[in-house]
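Each residue of the sequence shown is one higher than the last, beginning at 3 in this note's numbering.
Contents: one structure, followed by commentary.
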Amino acid sequence: MEKAEIGLIGLGVMGSNLALNIAEKGNRIAVYNRTADKTRAFYAGAGELQKNIVPTETLSDFVAAIRPPRPIIIMIKAGDPVDEEMEKLRPYLGKGDIIIDAGNANFHDTRRRFKELDGTGLTFIGMGVSGGEEGARHGPSIMVGGTEDSYKRVEKVLTSISAKFDNDPCCAWLGTDGAGHFVKTIHNGIEYADMQMIAEIYGILRDGCGMEASDIANVFGEWNKGRLNSFLIEITEKVLRASDPETGKPMPDVIVDAAGQKGTGRWSAIEAQQLAVPATVIEAAVAARCISAMRGERAAAEPMFNKEELSFGIEAGPWLNRDLELALFAAKIAAYAQGFDVMDSASQEYGWKLPMPEIARIWRAGCIIRSQFLDDITKAFSDTPDVANLIVTPAFSEMVNECLPSLRRIVSAATGAGLPVPGLASALGYFDAYRQSRGTANLIQAQRDFFGAHGFDRLDGLDIHHGPWGSGAI
Ligand code: NDP
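Written out as structure tokens, the structure reads:
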């Protein structure tokens, strides 16, 4: 029997769709799942794609079905299961074979696994895949980390299955070991921020302006034709327009207001903190999901505090819609600037040389944060490669100047009305702090020196590093 070009372990939601995508693009693929029933059901449902699929029920048959050197994608639950599966697989593998973990791995695990295989003749690729079920089936964004040589072996298959933006494949090799999974993590952090800020704008329209879901859907629908055009704005309109088949109410009105999370947003915030990079919008988004999950506490707290007579103070209508659109756009710039800043720092820390324009390029289609806006980021980073921050590129500083007054008005009005907007407010605080040449940390330095003799530098450069706190001069 003709050998398969590639193998895939794990026929869950993502794995089965990815396998069908690979087969559909004319690549012969061997598949295996620890529960064989799933493999049989998958093969039975593969229709005419069966001709490119080799279903197997043991790991030895699976490995034997693939042409060496064998690229093997593992698409299973992240964490220990990946280590366990690798352990089981290794006795069957030979020199040059490539294990590709395509799940949502923590990049520290990816670095460890990469290192563990070093010198064994086997290679490890950590591959971030974004786009959910639909993306996996019809074209995800693919972020690859590993050796460049091992990427070359799988490049043809991966680019064939990835999403395309103007015929350009949204798949790239980004650096060694954990580079791909790190970039995927930050992608998810930005996704959290994007979603949180969209939800805050929804809250302003719902609670500040008293608008119905269908009217709010119209606003998002309009925005999707402009500079906010993106997958997340598009699906926001769709979910706001949908009706619950059980009650006939708008779908969002019957859904519990507690957001789930699997950890990648939190990892972004943790890594930002570890690298000492301000990622305040992403952090705010993660924290907001945590507060959303504290439903019982929120319900108990509500009656304990005085009901203030607050109102949003801006009437619903085209003027407000325009201001909200620009405010959201400004805040979005802050979130992406922070995400790219974290990646820049990680790139130096881990020696990856992450290609920023390339990352923005492969996020333009296929992934959850896909948008036209990412094309602007690609251009901005290509035009000014060594820039310190996205917001100080000529193109983006101009956009910030245009949109910042709207963000300020909206955050003021929302906080004045008691509407929580932690993501938008963090973005505003970030801009205000970033562009302030004389900040207030001089006071913090004085306090630190007062209680801990930590020392400070003086503006006049005098070689005096402590204040007169203990000397009787105060
Ligand atoms: P599913 O829950 O649909 O499938 C899980 C798969 O993992 C099944 O094949 C299951 O096998 C296998 N599995 C679970 N535990 C073990 C184990 N201990 N040993 C061997 N195999 C195991 O998950 P998804 O397809 O949604 O997710 C797979 C990976 O892709 C995860 O890392 C996820 O984070 C990531 N991902 C998911 C996205 C999504 O939108 N769903 C998007 C991007 C990435 P069995 O059938 O025998 O239970």
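Beta carbons are placed, not taken as given, at the ideal position from N, Cα and C, and that holds for glycine.
Please read these numbers as outputs of a predicted model, since none were measured by experiment.
Discussion item. Within a Cβ cutoff of 7 angstroms, which residues of the same chain sit near ASN190, ignoring the five residues on either side of it in sequence?
Written reply: Residue 190 sits at position 188 when you count from the first residue of the sequence shown. Only THR266, GLY267 and SER270 meet the Cβ criterion.
Practice prompt. Using only the heavy atoms of the ligand NDP, determine whether one of them is closer than 6 angstroms to the beta carbon of LEU13.
Written response: For this step, residue 13 is matched to residue 11 along the sequence shown. Yes, the ligand NDP has a heavy atom inside 6 angstroms of this Cβ.
Practice prompt. Mind reading off the beta-carbon distance from ARG92 to ASP179? Whole number of angstroms is fine, and I expect it under 8 angstroms.
Written response: As a first step, residue 92 is located in the sequence shown; it is residue number 90 there, counting from the start. As a first step, residue 179 is located in the sequence shown; it is residue number 177 there, counting from the start. Actually they are not in contact, since the Cβ atoms of ARG92 and ASP179 sit about 18 angstroms apart, beyond 8 angstroms.
Worksheet entry | Beta-carbon proximity of ILE100 to GLU87, cut-off 7 angstroms | Translated into the one-based positions of the sequence shown, residue 100 becomes position 98. Translated into the one-based positions of the sequence shown, residue 87 becomes position 85. The answer is no: Cβ separation not under 7 angstroms.
Discussion item. The beta strand (DSSP E) that contains SER1, what's its start and end?
Written reply: With the chain covering only 3 through 476, there is no way to say anything about residue 1.
Discussion item. Ignoring anything shorter than 4 residues, give me the alpha helix (DSSP H) runs that lie fully in the region 177 to 233, in order along the chain.
Written reply: 181 to 205 and 215 to 225
Worksheet item: Taking C-alpha atoms, which residue in THR395, PHE307 and SER152 lies nearest to ILE379?
Response: Residue 379 sits at position 377 when you count from the first residue of the sequence shown. Nearest option by C-alpha distance: THR395.
Worksheet item: Can the beta-carbon of ARG155 be found closer than 7 angstroms to that of ASN19?
Response: The sequence position of residue 155 within the sequence shown is 153, counting from 1. The sequence position of residue 19 within the sequence shown is 17, counting from 1. In this structure, ASN19 does not lie closer than 7 angstroms to ARG155 by Cβ.
Discussion item. I'd like to know whether the C-beta atoms of LYS166 and GLY130 end up nearer to each other than 7 angstroms.
Written reply: Stepping through the sequence shown from its first residue, residue 166 is reached at position 164. Stepping through the sequence shown from its first residue, residue 130 is reached at position 128. For LYS166 and GLY130, no; Cβs fall outside 7 angstroms.
Practice prompt. Please say whether VAL256 and ASP343 have beta carbons closer to each other than 7 angstroms?
Written response: Locating residue 343 in the sequence shown gives position 341, counting from the first residue. Locating residue 256 in the sequence shown gives position 254, counting from the first residue. Contact: no.
Discussion item. What does the Cβ neighbour count give for GLN276, buried or exposed, with the cut at 16 atoms within 10 Å?
Written reply: Indexing the sequence shown from 1 puts residue 276 at position 274. Result: exposed.
Worksheet item: Are at least three pairs of beta-carbons, each pair with one atom in the region 400 to 410 and one in the region 194 to 205, less than 8 angstroms apart?
Response: no
Fill in: Candidates THR37, PRO70, PRO71 and ASN23, of which the one nearest THR58 by Cα
Numbered from its first residue, the sequence shown carries residue 58 at position 56. Per the Cα distances, THR37.
Item to complete: Note the first and the last residue of the continuous beta strand (DSSP E) segment covering LEU10.
Response: Start at 1 with the first residue of the sequence shown, and residue 10 comes out as number 8. Here the beta strand (DSSP E) through LEU10 covers 8 to 11.
Worksheet entry | the region 218 to 236 touching the region 360 to 376, judged by at least three CB pairs closer than 8 angstroms | yes
Worksheet item: Any heavy atom of the ligand NDP within a distance shorter than 6 angstroms of the CB on VAL256?
Response: As a working note, residue 256 is residue 254 in the sequence shown. No - the ligand NDP has no heavy atom lying nearer than 6 angstroms to the Cβ of VAL256.
Worksheet entry | Buried/exposed call for VAL65, threshold 16 Cβ in 10 Å | For this step, residue 65 is matched to residue 63 along the sequence shown. When all chains shown are included, VAL65 counts as buried.
Discussion item. Measuring alpha carbon to alpha carbon, tell me which residue in LYS334, LYS355 and GLY368 is nearest CYS405.
Written reply: Position 403 of the sequence shown, counted from the start, is the residue given in the question as residue 405. It is LYS334.
Worksheet item: Roughly how many angstroms lie between the CA atoms of PRO142 and THR161, to the nearest whole one?
Response: Taking the first residue of the sequence shown as position 1, residue 142 is located at position 140. Taking the first residue of the sequence shown as position 1, residue 161 is located at position 159. One C-alpha to the other measures close to 10 angstroms.
Item to complete: Could you tell me how far apart the beta carbons of GLY425 and GLU202 are, in whole angstroms, since I believe they sit closer than 8 angstroms?
Response: On the sequence shown, position 423 is the one that residue 425 refers to. On the sequence shown, position 200 is the one that residue 202 refers to. Correct: roughly 6 angstroms between the Cβ atoms.
Worksheet item: Given a threshold of 16 other Cβ atoms within 10 Å of its Cβ, counted over all protein chains shown, does GLN340 qualify as buried or as exposed?
Response: Translated into the one-based positions of the sequence shown, residue 340 becomes position 338. Result: buried.
Worksheet entry | the region 301 to 320 / the region 203 to 213 touching (three or more Cβ pairs under 8 angstroms) | yes
Worksheet item: Is MET129 near the ligand NDP, with its Cβ less than 6 angstroms from a heavy atom?
Response: Counted from its first residue, the sequence shown places residue 129 at position 127. Result no, Cβ not under 6 angstroms from the ligand NDP.
Fill in: DSSP bridge partner residues for ALA21 (one or two, in chain order)
Here residue 21 corresponds to residue number 19 of the sequence shown, with the count starting at 1. None; ALA21 has no bridge partner.
Discussion item. Let me check you understand the geometry: is the CB of GLU89 closer than 6 angstroms to at least one non-hydrogen atom of the ligand NDP?
Written reply: The sequence position of residue 89 within the sequence shown is 87, counting from 1. Not so, every heavy atom of the ligand NDP lies at least 6 angstroms from the Cβ.
Worksheet entry | Exposed unless 16 or more other CB atoms sit within 10 angstroms - verdict on ARG115 | One-based indexing of the sequence shown puts residue 115 at position 113. It is buried - the Cβ of ARG115 has at least 16 other Cβ atoms within 10 Å.
Worksheet item: Are VAL283 and ALA336 touching if we call contact CB-CB under 7 angstroms?
Response: Working through the sequence shown from its first residue, we reach residue 283 at position 281. Working through the sequence shown from its first residue, we reach residue 336 at position 334. Taking 7 angstroms as the Cβ cut-off, VAL283 and ALA336 qualify as a contacting pair.
Worksheet entry | Backbone CA spacing between PRO70 and ASN169 [nearest angstrom] | For this step, residue 70 is matched to residue 68 along the sequence shown. For this step, residue 169 is matched to residue 167 along the sequence shown. Whole-angstrom Cα-Cα distance: 30 angstroms.
Worksheet item: Is there at least one non-hydrogen atom of the ligand NDP closer than 6 angstroms to the beta-carbon of GLY105?
Response: Start at 1 with the first residue of the sequence shown, and residue 105 comes out as number 103. Under cutoff, so the answer is yes.
Discussion item. In chain order, what are the residue ranges of uninterrupted alpha helix (DSSP H) at least 4 long that sit wholly in the region 133 to 166?
Written reply: 134 to 140 and 150 to 163
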